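Quick mapping for you: the protein sequence lines, in order, are chains A and B. Take 1 as the starting number for the first sequence in our numbering and just add one per residue. Take 127 as the starting number for the second sequence in our numbering and just add one per residue. C-beta atoms are modelled at their ideal positions from N, C-alpha and C, and glycine is treated no differently. Predicted model, so just to flag it, every value in this text is computed and none were measured. For reference, the structure discussed in these notes is given below.
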Amino acid sequence: MSESVRGVVVSHAAVAEALVRAVAVIAGQSDALVAVSNEGCDTAALVARIGAAVGSEPAVLFIDLPGGSCLTSALRLAHDRPDLAVVTGVNLAMLLEFVFHRDLPPIEAARRAAEAGGRAIEARGT
Amino acid sequence: MSIALCRVDDRLIHGQVVVGWGQPLHCGLIALVDDEVRRSEWEQDLYRMGVPSHIEVVFASVDEAVEQFAAWESDPRVAMMLMGDLDTARALCERCPSMRRLNIGGIHHRVGRTERLRYVYLSDGEVATLRAIAARGVTVTAQDVPTAPPVPLEDFT
Numbered sequence: 001m002s003e004s005v006r007g008v009v010v011s012h013a014a015v016a017e018a019l020v021r022a023v024a025v026i027a028g029q030s031d032a033l034v035a036v037s038n039e040g041c042d043t044a045a046l047v048a049r050i051g052a053a054v055g056s057e058p059a060v061l062f063i064d065l066p067g068g069s070c071l072t073s074a075l076r077l078a079h080d081r082p083d084l085a086v087v088t089g090v091n092l093a094m095l096l097e098f099v100f101h102r103d104l105p106p107i108e109a110a111r112r113a114a115e116a117g118g119r120a121i122e123a124r125g126t
Numbered sequence: 127m128s129i130a131l132c133r134v135d136d137r138l139i140h141g142q143v144v145v146g147w148g149q150p151l152h153c154g155l156i157a158l159v160d161d162e163v164r165r166s167e168w169e170q171d172l173y174r175m176g177v178p179s180h181i182e183v184v185f186a187s188v189d190e191a192v193e194q195f196a197a198w199e200s201d202p203r204v205a206m207m208l209m210g211d212l213d214t215a216r217a218l219c220e221r222c223p224s225m226r227r228l229n230i231g232g233i234h235h236r237v238g239r240t241e242r243l244r245y246v247y248l249s250d251g252e253v254a255t256l257r258a259i260a261a262r263g264v265t266v267t268a269q270d271v272p273t274a275p276p277v278p279l280e281d282f283t
């Protein structure tokens with residue numbers, strides 16, 4: 001088995017922190033994910049904050065919105081790091097999928113998580 | 127239609143701009159004025175990602191913005207002009223006399239800056255720049271989102 005990939009959840013306000021806490025409660029995994037908030041950051045500071053959370057190991061970056069400062073900062077960091085993959089529209093379902101498949105290469109773990117997250121979204125009602 | 131918002135925000139295009147301001151203003155045009163971004167296709171692609179397809183984004187250098195300012199003002203769509211720093215804002219205020227209002231939306235912590243508001247950190251030199259802009263008759267206020275009250279320059283410098 002290859003080394004486990006870390007997940008870094010990047011969001012506005014405290015969304016990331018809440019998602020990471022919820023994953024720990026549901027899955028019992030507390031070391032697979034790290035939360036990063038964009039609060040108080042300009043672009044350079046947010047890139048540095050995400051970089052500190054990622055470190056030098058392979059990782060998947062989970063971003064809240066498919067645009068905006070969290071995504072652009074993550075993509076700046078991932079630009080010359082092929083060991084990083086980025087997924088947008090983070091939700092709890094995709095993180096729960098990810099934490100149990102961290103032995104995959106980052107891009108495969110990212111695709112698998114994105115598919116699970118997409119499947120979790122549906123509208124019900126009459 | 128005039129330019130509804132001339133904003134200094136070191137994050138340029140981000141959620142607060144596109145959603146927080148763009149939706150209530152029914153914005154149809156964003157003019158991003160930044161010499162560095164203007165030179166980089168890759169940077170422009172990054173910023174475009176955060177913008178829905180019904181909003182056009184144009185990237186301009188300061189010189190190009192001076193030439194285009196009147197056209198943006200008369201564009202039938204609601205326009206927002208974004209600048210990433212105060213030097214850009216001062217240059218535009220000096221060269222575009224019809225720019226009468228400046229919104230400070232987000233200038234974050236860096237070495238040499240001190241906190242003036244939760245989302246505004248300024249060095250003494252930057253405070254002087256803002257006062258010079260105001261001395262030209264430009265109304266300078268800080269306001270991160272439209273639901274917050276605008277803070278006059280004298281209340282945060």
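Is the CB of B:Arg137 under 8 Å away from at least one CB in chain A? Taking the first residue of the second sequence as position 1, residue 137 of chain B is located at position 11. It does: the Cβ of B:Arg137 has a partner Cβ on chain A nearer than 8 Å.
**Asked** Should A:Leu95 and A:Leu33 be called a contact, given that it needs their Cβ atoms to be closer than 8 Å?
**Response** Residue numbering aside, residue 95 of chain A sits at position 95 when the first sequence is read from its first letter. Residue numbering aside, residue 33 of chain A sits at position 33 when the first sequence is read from its first letter. It is a contact, given that the beta carbons lie within the stated cut-off.
Below-8 Å beta-carbon distance, B:Gly238 vs any chain A residue = Here the question's residue 238 of chain B lines up with position 112 in the second sequence. Closer than 8 Å: no.
message: For a contact defined as C-beta to C-beta under 7 Å, what are the partners of A:Gly40 on chain B?
response: Start at 1 with the first residue of the first sequence, and residue 40 of chain A comes out as number 40. Simply His234 and His235.
| message | With a threshold of 8 Å on Cβ separation, who are the neighbours of B:Thr283 within its own chain once the five nearest residues in sequence on each side are excluded? | response | One-based indexing of the second sequence puts residue 283 of chain B at position 157. Cβ neighbours of B:Thr283 beyond the five flanking positions: Arg242, Leu248, Val253, Leu256 and Arg257.
Open item on the list: Please report whether the beta-carbon of B:Met175 lies at a distance below 8 Å from any beta-carbon of chain A.
Closed with: Within the second sequence, residue 175 of chain B is the residue found at index 49, counting from 1. For B:Met175, the answer is yes, since a Cβ of chain A falls inside 8 Å of its Cβ.
Cβ pair count under 8 Å reaching 3, the segment 115 to 122 of chain A against the segment 153 to 161 of chain B: Flag = no, the segment 115 to 122 of chain A and the segment 153 to 161 of chain B do not touch.
Opposing strand residues paired with B:Tyr247 [DSSP bridges]: For this step, residue 247 of chain B is matched to residue 121 along the second sequence. Answer by DSSP bridge pairing, in chain order: B:Glu241.
query = Just to confirm, are A:Glu17 and A:Ser30 a CB contact at a threshold of 8 Å?
reply = Within the first sequence, the letter at position 17 stands for residue 17 of chain A. Within the first sequence, the letter at position 30 stands for residue 30 of chain A. Against a cut-off of 8 Å, the Cβ pair of A:Ser30 and A:Glu17 comes out as no contact.
Since B:Val134 contacts B:Leu212 with CB under 8 Å, what's their CB separation in whole angstroms? Numbered from its first residue, the second sequence carries residue 134 of chain B at position 8. Numbered from its first residue, the second sequence carries residue 212 of chain B at position 86. Indeed, because the Cβ distance is near 6 Å, the residues count as touching under 8 Å.
Exercise. When you check each C-beta in the segment 72 to 90 of chain A against every C-beta of chain B, which residues fall closer than 7 Å?
Worked result: Listed in chain order, the positions of the segment 72 to 90 of chain A with a beta carbon within less than 7 Å of a beta carbon of chain B are Thr72 and Leu75.
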